Ligand code: ACM
Ligand code: ZN
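Numbering (this note's numbering), first residue to last: 256 to 1023.
Here's what the structure looks like:
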């Protein structure tokens, strides 16, 4: 340790956190470095030791994969220190040992033991991936300030993942992202101990993987004439040609890069739907023969691969042959979602196929399609993954199901003893909004803040212990209709992915959101160091609109920002550091706006909270629903229907109460018998998103909650966007108001989602 000591002075100058430097040696001057890891290890204890990492420290690795991990450590470390460390075959002093168990002694997959002692750091993986994850932990034990020597806190860690599948997806079809960014995406994934990158490579709006046998996929399918701008409903286009694809050489490079980081890349080649780009290049692949045009709108297209034409299977098998050479992993994702059956219903070839194969309907034909592809891939030693629609018409025998339309698909598949990856939209779609702030960049919809991601439990309660083991893990999906560039991808994915990483890695009983947020404060600078454009919502001011339990509504404000000061205004003016300081919940007593912000000194941090209220008599009153809403559009409590807040047309604000196919029936207790002069509600119509106005709305009033009298009924409800129904009443008095809102029913033929149940959305119910 003599050399170690000599370098201590240099280290003193370099380290910001070192309060006083003397020459008494590392033991007495070692500052207590912070331990703040994401995801939190399974077992972690801090010790009194500290290790000083400096230019004399050596890395010790012998097996090729451990040498690879040491080299990666060096590459990251060099960014912080400006120098690389020597890699040796042995050493026990001032050394960091990376050592995996030999391959013939497999332990727990991806697990590792790590000890940081005064003079030695050891990382022992049960396998090479485990050692790599130990290395990632070590990187997170380093401070983020650039220096030439670093104190590392003494720790004793025994760590392994909760789930074997820990994934992030990226759609490169709607928008194309360069190889350098794909690598950064993978690197960040690995930094958070995630192990799967699901590369969504083919779409209606663009085919992004070079297939040598079919050059028109490059020439035609990879380009579109123009793209949609703004929201789908606006139907605006930019008039600019758009395109791009990855060459096979680039793909091999990405796969190699991922493999070095213990990340498996799962390619997705979509079928039978989302295939318009391929049909445009080779029109014989479709039922009608075209001509087709690479998609310029978002959404779902009726033109899909013909299931009755054998040359479609020849094409797909040829494509998959090239794909399998590029992607050596076990899984190939074959899509299977959102495949309209309208062309198949009319296509003589498809109808003939149904007859010869004895298939009773179009779902069975889709199942035939997927099973035929599965059989081919199984014969080459590969397994398929498909979106949960592959359950319809019968699951292919060995398929893994990705449950995205909620958790039901996952539950059904696990009960059939099929492997499942959970990716439910309500928790793990990172194309959803993460803030209700008015300045958010446009997103597809939904509301999935970091806290919601963190609260996600991948194993559905519906499953017994023997079934739960089929839940292999979870994944967040990043669809890019509204995400045009790498910076925006990062904004949508981080820090939400850090929350997902902990859901997937850390034992469930160790998860604690407040503790996670504390660690996130130290973690965000690490993302900054890597140049990640992460979103800053977690520490900005938050407003909670709640019942005051006395028949009224109040707003609670809160921020996790250390030392932040929250102020607010009630007159619609922008809050400043000098506005009214927030102390207790603010009662809502009139129509108007509450604005609030959190300040560090004079400086505002993050977005402000802004909420408009429409005051009415039912606000904050007791309300009950006959039937709970659908889990994806459940604001958490029927209170949202009478909180004075109107849901917005993007339905991104967790205000709307939604039913897929069902009716809404609510009873409001006004507390006392009251004169009622207006009843009404807001509902939503957005037919492209399968949201339909009600067939009928009926209001009833009662004095005793038993005998109800109808006071108003409306049918023929039309309009687009938010529909505000209001009706004046005379001579009506009562204590209870009941409203029955009848769902439209099934979506009519020819409309997007035809045949599926329509969504009914309601927010807010008004009584005056
Ligand atoms: C999907 O979101 N269509 C899988
Ligand atoms: Zn056909």
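C-beta: ideal position from N, C-alpha, C; glycine also.
Since the model is a prediction, treat every value here as computed from it, not as a measurement.
{"query": "Cβ-heavy atom distance, residue 458 to ligand 1, below 7 Å", "result": "no"}
{"query": "Check: residue 564 C-beta below 7 Å from any heavy atom of ligand 2", "result": "yes"}
{"query": "Stretch pair the region 403 to 419 + the region 357 to 367: three plus CB contacts closer than 8 Å", "result": "yes"}
{"query": "Burial state of residue 280 (16 or more Cβ within 10 Å)", "result": "The predicted position of residue 280 is uncertain, since its pLDDT is 38 and thus under 50; a value taken from the coordinates is nonetheless stated next. Classification of residue 280: exposed, given that the 10 Å Cβ count is below 16."}
{"query": "Near ligand 2: residue 610 beta-carbon under 7 Å from a heavy atom", "result": "no"}
{"query": "Unbroken alpha helix (DSSP H) run spanning residue 634, endpoints", "result": "617 to 634"}
{"query": "Where residue 780 falls: helix, strand or coil (DSSP)", "result": "helix"}
{"query": "Nonlocal neighbours in the same chain, by C-beta distance under 6 Å from residue 840, ignoring five residues either side", "result": "809, 811"}
{"query": "Distance between residue 524 and residue 456 (C-alpha atoms, nearest Å)", "result": "6 Å"}
{"query": "Neighbour-count burial assignment, residue 287, 16 or more Cβ in a 10 Å radius", "result": "exposed"}
{"query": "Uninterrupted beta strand (DSSP E) stretches inside the region 399 to 443 (no shorter than 3 residues)", "result": "405 to 414, 420 to 426"}
{"query": "Any non-hydrogen atom of ligand 1 within 7 Å of residue 593 CB", "result": "yes"}
{"query": "Closest by C-alpha distance to residue 469, when choosing among 578, 553, 387, 425", "result": "578"}
{"query": "When 613, 624, 652 are compared against residue 567, the one with the closest alpha-carbon", "result": "624"}
{"query": "Separation of residue 852 from residue 823, as counted between CA atoms", "result": "7 Å"}
{"query": "Where the alpha helix (DSSP H) containing residue 329 begins and where it ends", "result": "319 to 336"}
{"query": "Rounded distance between the beta-carbons of residue 518 and residue 557, thought under 8 Å", "result": "That belief does not hold up - the Cβ atoms of residue 557 and residue 518 are roughly 36 Å apart, past 8 Å."}
{"query": "Endpoints, the alpha helix (DSSP H) within which residue 743 is located", "result": "741 to 748"}
{"query": "Selected residue, minimal CA-CA separation from residue 318, among 933, 1001, 345, 296", "result": "345"}
{"query": "Residue 471 versus residue 640: straight-line alpha-carbon distance, rounded", "result": "27 Å"}
{"query": "Enclosing alpha helix (DSSP H) for residue 509 [first to last residue]", "result": "503 to 515"}
{"query": "Same chain, Cβ closer than 8 Å to residue 670, five either side skipped, listed in chain order", "result": "718, 722"}
{"query": "Minimum C-alpha distance to residue 697 - residue among 736, 859, 403", "result": "736"}
{"query": "Counted within 10 angstroms of its Cβ, other Cβ atoms place residue 795 as buried (16 or more) or exposed", "result": "buried"}
{"query": "As assigned by DSSP and simplified to three states, the class of residue 831", "result": "coil"}
{"query": "Own chain residues within Cβ distance below 7 Å of residue 867, not counting five before or after", "result": "848"}
{"query": "Whether residue 967 touches residue 934 by CB criterion (8 Å)", "result": "yes"}
{"query": "Three-state class that DSSP yields for residue 646 in the structure shown", "result": "helix"}
{"query": "DSSP state of residue 983 mapped onto helix, strand, coil", "result": "strand"}
{"query": "Whole-angstrom distance between residue 545 and residue 763, CA atom to CA atom", "result": "52 Å"}
{"query": "Beta-carbon spacing of residue 946, residue 988 below 8 Å", "result": "no"}
{"query": "Segments of 4+ residues assigned as alpha helix (DSSP H) that fall wholly inside the region 838 to 862", "result": "none"}
{"query": "Residue 734: CB within 7 Å of a non-hydrogen atom of ligand 1", "result": "yes"}
{"query": "Per-residue DSSP class, three states only, for residue 281", "result": "Here residue 281 scores only 42 on pLDDT, less than 50, and its place in the model is too uncertain to base an answer on."}
{"query": "Which residues DSSP lists as bridging residue 1016, in chain order", "result": "913"}
{"query": "Per DSSP, cross-strand counterpart(s) of residue 730", "result": "422"}
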